[in-house]
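Participant: Quick note, the sequences are listed as chains U and A, same order. Count along the first sequence from 1, add 7, and you get the number used in this note's numbering. Count along the second sequence from 1, add 11, and you get the number used in this note's numbering. Before we start, here is the structure in question, set down as structure tokens.
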Amino acid sequence: MSTAFCFDLDGTLTSIEILPCIASELGVAEEIATLTRVTMSGLISFEESMRLRSLILGQVPLRRVHEIVGSIPLDPFLTDFISGHEADCFIVTGNLDLWISPLVERLGCRSFTSCASSQEGKVRVDHVLDKGTAVSEVRLLGYERIIAVGDGANDVPMLRKADAGIAFGGVHSPMPAAVKESNYVVHDGRSLCNLLTAL
Amino acid sequence: MLEVGGKTILTRLVDALRPHVGRIHVVVGYREELIIEYCALHHRDVILVRNPEFRTTNTAQSMNLGAAGVRGKVLFLDGDLIIDENSLASFIATAAAHPLLVGIAPTRSEQAVCVQLSKDDPAQVCGFTRNDALPFEWANVVAGPADLLADASGYVFEKLLEFLPIAAQEIDLREVDTPADLDSATIYAASLRGGNLR
Numbered sequence: 008m009s010t011a012f013c014f015d016l017d018g019t020l021t022s023i024e025i026l027p028c029i030a031s032e033l034g035v036a037e038e039i040a041t042l043t044r045v046t047m048s049g050l051i052s053f054e055e056s057m058r059l060r061s062l063i064l065g066q067v068p069l070r071r072v073h074e075i076v077g078s079i080p081l082d083p084f085l086t087d088f089i090s091g092h093e094a095d096c097f098i099v100t101g102n103l104d105l106w107i108s109p110l111v112e113r114l115g116c117r118s119f120t121s122c123a124s125s126q127e128g129k130v131r132v133d134h135v136l137d138k139g140t141a142v143s144e145v146r147l148l149g150y151e152r153i154i155a156v157g158d159g160a161n162d163v164p165m166l167r168k169a170d171a172g173i174a175f176g177g178v179h180s181p182m183p184a185a186v187k188e189s190n191y192v193v194h195d196g197r198s199l200c201n202l203l204t205a206l
Numbered sequence: 012m013l014e015v016g017g018k019t020i021l022t023r024l025v026d027a028l029r030p031h032v033g034r035i036h037v038v039v040g041y042r043e044e045l046i047i048e049y050c051a052l053h054h055r056d057v058i059l060v061r062n063p064e065f066r067t068t069n070t071a072q073s074m075n076l077g078a079a080g081v082r083g084k085v086l087f088l089d090g091d092l093i094i095d096e097n098s099l100a101s102f103i104a105t106a107a108a109h110p111l112l113v114g115i116a117p118t119r120s121e122q123a124v125c126v127q128l129s130k131d132d133p134a135q136v137c138g139f140t141r142n143d144a145l146p147f148e149w150a151n152v153v154a155g156p157a158d159l160l161a162d163a164s165g166y167v168f169e170k171l172l173e174f175l176p177i178a179a180q181e182i183d184l185r186e187v188d189t190p191a192d193l194d195s196a197t198i199y200a201a202s203l204r205g206g207n208l209r
């Protein structure tokens, strides 16, 4: 059976949340972390939150963002898993293509992201990804089964549309909304990869 | 989440299983958030398998959910057991040589499902019964293929009827179902050797 693996990025593949790291450049890491938590809980829509966070963090020069993002630690087990199944793994993230390209390059697999452009030093969000749509597009590639891994409220459409959903609490506990849409809950990267290999 | 001798039954089971199996799946339903939180704190390597239909499904269906999609051999066991680790290790080692291995224990339960052992080979179960007071009962432990319970709708032992006769091995354990069980399990837990009392 051909299986695709769809991974959330922030706090799933990465061992820390990305946007608060960028926010530290502006001295607003805690504020952005709070906004990130509120968004992951589903208290405000992901699209509203992403646009707001982009407006604030867009003040950080893109080159600096790439330096920060390039140094973000990744879960070593998940990185190895993706390396061994590169053709069938997909990063599915609401984060901006403009910002996360260094991580996508490091991981080496295909990705679905929100899209943004940079104009006169400002970040303009052109499209915010619906993760459920991404899963539908992966399915159109011919996969018979899709396994999705995520942790936040914006992962709910992805987990719901996948054939098997895994709520991952590697960095912090997965949000209740993500747990509710999942078949499995896992708190450790090694165990997650063990499960992905077994399924 | 019940504690016996100052340690939860879940932790006792996970600690006993961990050295002998590649992965531990814990099926959660009622008050799942408590067990998920507990495992996030104490057993981060455990895979939690959700059974949202826990109100309308039985143990066999939960166990099947726990093994869904997994290839190879699986050790199915109830979550209310306290098992001697050495006995468990021996059972798992024996299971490697049999397509199906049933755990049996001296009959102690109030409403025991007893096992009828073959007269020719006492290491073979040839029947299960609720009616006879036989020396051994079904211990709620079985090792077999991952899809063993794929279409089970009743009790686990009822599904096992399809495969009789089945190889059996005694396993040293206690089940904690009632307040009386808890008292005897506490004494039993205290009697276990050092390896079980980490």
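We put the beta carbon where it would ideally sit given N, CA and C, even for glycine. Computed from a predicted structure; not experimentally measured.
Using a Cβ-Cβ cutoff of less than 7 Å, which residues in the same chain neighbour Ala36/U once the five nearest sequence positions on both sides are dropped?
Facilitator: Here residue 36/U is taken as the residue at index 29 of the first sequence, counted from 1. Correct list, in chain order: Pro27, Ala30.
Participant: Could you tell me which chain U residues have their CB closer than 7 Å to the CB of Arg55/A, listed as they occur along the chain?
Facilitator: Residue mapping note: residue 55/A aligns to position 44 of the second sequence, counting from 1. Within chain U, the residues near Arg55/A are His194, Asp195.
Participant: So which residues of chain U does Leu59/A contact, with C-beta pairs closer than 8 Å?
Facilitator: As a position in the second sequence, residue 59/A is number 48, starting the count at 1. Identification of chain U residues near Leu59/A by a Cβ-Cβ cut-off of 8 Å yields Tyr191, Val192, Val193, ordered along the chain.
Participant: Does chain U have any CB closer than 7 Å to the CB of Val81/A?
Facilitator: Numbered from 1 along the second sequence, position 70 holds the residue referred to as residue 81/A. Chain U contact via Cβ: present.
Participant: If we define contact as Cβ-Cβ less than 7 Å, is Leu203/U a contact residue for chain A?
Facilitator: Stepping through the first sequence from its first residue, residue 203/U is reached at position 196. Taking Cβ atoms only, chain A never reaches closer than 7 Å to Leu203/U, which makes this a no.
Participant: What is the rounded straight-line gap between the Cα of Ile182/A and the Cα of Ser98/A?
Facilitator: As a first step, residue 182/A is located in the second sequence; it is residue number 171 there, counting from the start. As a first step, residue 98/A is located in the second sequence; it is residue number 87 there, counting from the start. So the alpha carbons of these two residues sit roughly 6 Å apart.
Participant: Do the segment 145–161 of chain A and the segment 46–63 of chain A meet, that is, are 3 or more Cβ pairs less than 8 Å apart?
Facilitator: By the Cβ criterion, the segment 145–161 of chain A is not in contact with the segment 46–63 of chain A, since fewer than three pairs of Cβ atoms, one from each stretch, lie closer than 8 Å.
Participant: Under DSSP, the alpha helix (DSSP H) around Asp133/U begins and ends at which residues?
Facilitator: Residue numbering aside, residue 133/U sits at position 126 when the first sequence is read from its first letter. It is not in any alpha helix (DSSP H) - Asp133/U instead sits in the beta strand (DSSP E) that spans 129–134.
Participant: What does the Cβ neighbour count give for Gly101/U, buried or exposed, with the cut at 16 atoms within 10 Å?
Facilitator: Here residue 101/U is taken as the residue at index 94 of the first sequence, counted from 1. So Gly101/U counts as buried.
Participant: Using a Cβ-Cβ cut-off of less than 9 Å, give me the residues of the segment 14–41 of chain U that come near chain A, in sequence order.
Facilitator: none
Participant: Indicate the three-state DSSP secondary structure (helix, strand or coil) for Cys96/U in the structure shown.
Facilitator: Position 89 of the first sequence holds residue 96/U. Looking at Cys96/U - three-state DSSP - the assignment turns out to be strand.
Participant: Name the residue from Gly115/U, Glu74/U, Ser78/U whose alpha carbon lies nearest to the alpha carbon of Phe91/U.
Facilitator: Start at 1 with the first residue of the first sequence, and residue 91/U comes out as number 84. In the sequence on display, residue 91/U carries Gly and not Phe. Cα-wise, what sits closest to Gly91/U is Gly115/U.
Participant: Within 7 Å (strictly less), CB to CB, does Ala179/A reach chain U?
Facilitator: Taking the second sequence and counting its residues from 1, the one referred to as residue 179/A is at position 168. Not an interface residue.
Participant: Please list, in chain order, the chain A residues whose beta carbon lies closer than 9 Å to that of Glu176/U.
Facilitator: As a first step, residue 176/U must be located in the first sequence, where it is residue number 169. The question names Glu, but residue 176/U is Gly in the sequence shown. Going along chain A in sequence order, the residues near Gly176/U (Cβ under 9 Å) are Ile47, Ala51, Arg55.
Participant: Using a Cβ-Cβ distance under 7 Å, would Thr10/U count as near chain A?
Facilitator: Here residue 10/U refers to the residue found at position 3 when the first sequence is read from its first residue. Output row for Thr10/U: interface = no.
Participant: Within 7 Å (strictly less), CB to CB, does Arg29/A reach chain U?
Facilitator: For the purposes of this step, residue 29/A is taken as residue 18 along the second sequence, with counting starting at 1. No, Arg29/A lies away from the interface with chain U (no Cβ there is under 7 Å from its Cβ).
Participant: Give the single residue among Asp158/U, Ile39/U, Gly18/U whose Cα lies nearest to the Cα of Ile173/U.
Facilitator: Residue 173/U sits at position 166 when you count from the first residue of the first sequence. The residue with the shortest Cα to Cα distance from Ile173/U is Asp158/U.
Participant: Is it the case that the Cβ atoms of Arg34/A and Asn201/U are separated by a distance below 7 Å?
Facilitator: Here residue 34/A refers to the residue found at position 23 when the second sequence is read from its first residue. Here residue 201/U refers to the residue found at position 194 when the first sequence is read from its first residue. Yes, they are a contact pair.
Participant: Cα-Cα, which of Ala205/U, Glu24/U, Val193/U is closest to Tyr49/A?
Facilitator: Looking up residue 49/A in the second sequence gives position 38. Each of Ala205/U, Glu24/U, Val193/U was checked against the Cα of Tyr49/A, and the nearest Cα belongs to Val193/U.
Participant: Exposed or buried, Glu148/A, counting other C-beta atoms within 10 Å across all chains shown (16 or more means buried)?
Facilitator: Position 137 of the second sequence holds residue 148/A. Buried, because 16 or more other Cβ atoms sit within 10 Å of the Cβ of Glu148/A.
Participant: For Thr43/U and Leu81/U, what's the separation of their Cα atoms in angstroms?
Facilitator: The count along the first sequence starts at 1 and reaches residue 43/U at position 36. The count along the first sequence starts at 1 and reaches residue 81/U at position 74. Approximately 19 Å, taken between the alpha carbons.
Participant: Would you identify the three-state DSSP class for Asn190/U, choosing helix, strand or coil?
Facilitator: On the first sequence, residue 190/U is found 183 positions in, with the first residue counted as 1. Three-state DSSP puts Asn190/U in coil, outside helix and strand.
Participant: Is the beta carbon of Thr46/U sitting closer than 7 Å to the one on Ser61/U?
Facilitator: Looking up residue 46/U in the first sequence gives position 39. Looking up residue 61/U in the first sequence gives position 54. Pairing Thr46/U with Ser61/U gives a Cβ-Cβ distance that is not under 7 Å.
Participant: Identify whether Val156/U lies in helix, strand or coil by the three-state DSSP scheme.
Facilitator: Taking the first sequence and counting its residues from 1, one reaches residue 156/U at position 149. Looking at Val156/U - three-state DSSP - the assignment turns out to be strand.
Participant: Provide the residue span of the beta strand (DSSP E) that contains Phe53/U, from first to last.
Facilitator: As a working note, residue 53/U is residue 46 in the first sequence. Note, Phe53/U: premise wrong, no beta strand (DSSP E); alpha helix (DSSP H) at 53–64.
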